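Below is one structure, written out as structure tokens; the observations come after it.
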Amino acid sequence: MKMSHVGIMVADMDKAVEFYTKALGLEIVMSKAEVIEERETAIGAMCIAVFGEGFKGFNIAHLVTTDGIGFELFEMKDREERHNVDFSKIGLFHYCLETDDFEGVIEKVKLYGGKVRMETMRYHPEDDNKPYKMVYLEDPFGSLFELYSHSYKETYSSEYE
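Residue numbers for the sequence shown, in the numbering used here: 65 to 225.
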């Protein structure tokens, strides 16, 4: 099994594309496009099946990480302006990205309207041979994501305190 893509609801497509490309370094695969509610095309029927009758339409853009994972950004016509995570509900609540420019990405996140949710944490502060770091961040619309300095496999291949 391989990861293909994630879908993220955003409040402002232009701001989202700017954030995800300039702060996080994703590449645009397909620029902003409008999708309307209709039944005549396969895409239209699929969207009604997914979003339900009366979704009214949305803008969509497709981006990709350097390792080929897709990011679909959705700007629904009817939407809230901010995502509020309810940790008492089940389901996805974040995704994680990995970078060689850990501190630089954190600064870009702040510069392009995102937020740092916590101080950077080291998984193995006692071992300088394991400099694995992580931090939780938010995009400009409140969607949570983690940032890792090393791969998932490296980070969790040994015990940590």
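Virtual Cβ for every residue (Gly too), placed ideally from N, Cα, C. If you're wondering where the values come from, they're calculated on a predicted model, not measured in any experiment.
Item, Value
"Limits of the unbroken beta strand (DSSP E) element including F138", "134–140"
"Contact set for G121: own chain, Cβ-Cβ below 7 Å, skip 5 residues either direction", "E98, V99, I100, E101, K141"
"Residue burial classification, P204 (beta-carbon count within 10 angstroms, cutoff 16)", "buried"
"Per DSSP, the bridge partner or partners of F209", "Y159, L201"
"Whole-angstrom distance between K194 and V149, CA atom to CA atom", "31 Å"
"Simplified DSSP state of F58, which is helix, strand or coil", "Nothing can be reported for residue 58: it is not among the residues displayed for the chain, which extend from 65 to 225."
"Neighbour-count burial assignment, M77, 16 or more Cβ in a 10 Å radius", "buried"
"Per DSSP, the bridge partner or partners of G71", "E136"
"Separation of A113 from D191, as counted between CA atoms", "51 Å"
"Inter-residue spacing [alpha-carbon to alpha-carbon] between Y220 and T105", "45 Å"
"Within 8 Å, strictly: CB atoms of T184 and K197", "yes"
"Extent of the continuous beta strand (DSSP E) run through F149", "According to the sequence provided, residue 149 is Val. The question's Phe does not apply to it. Looking at the DSSP string, V149 is not in any beta strand (DSSP E), and its letter there is neither H nor E."
"Contacting residues, own chain, Cβ-Cβ under 8 Å from I170 (five flanking each side not counted)", "V180, T184, V199, L201, L211"
"Exposure label - I124; buried when at least 16 CB within 10 Å", "buried"
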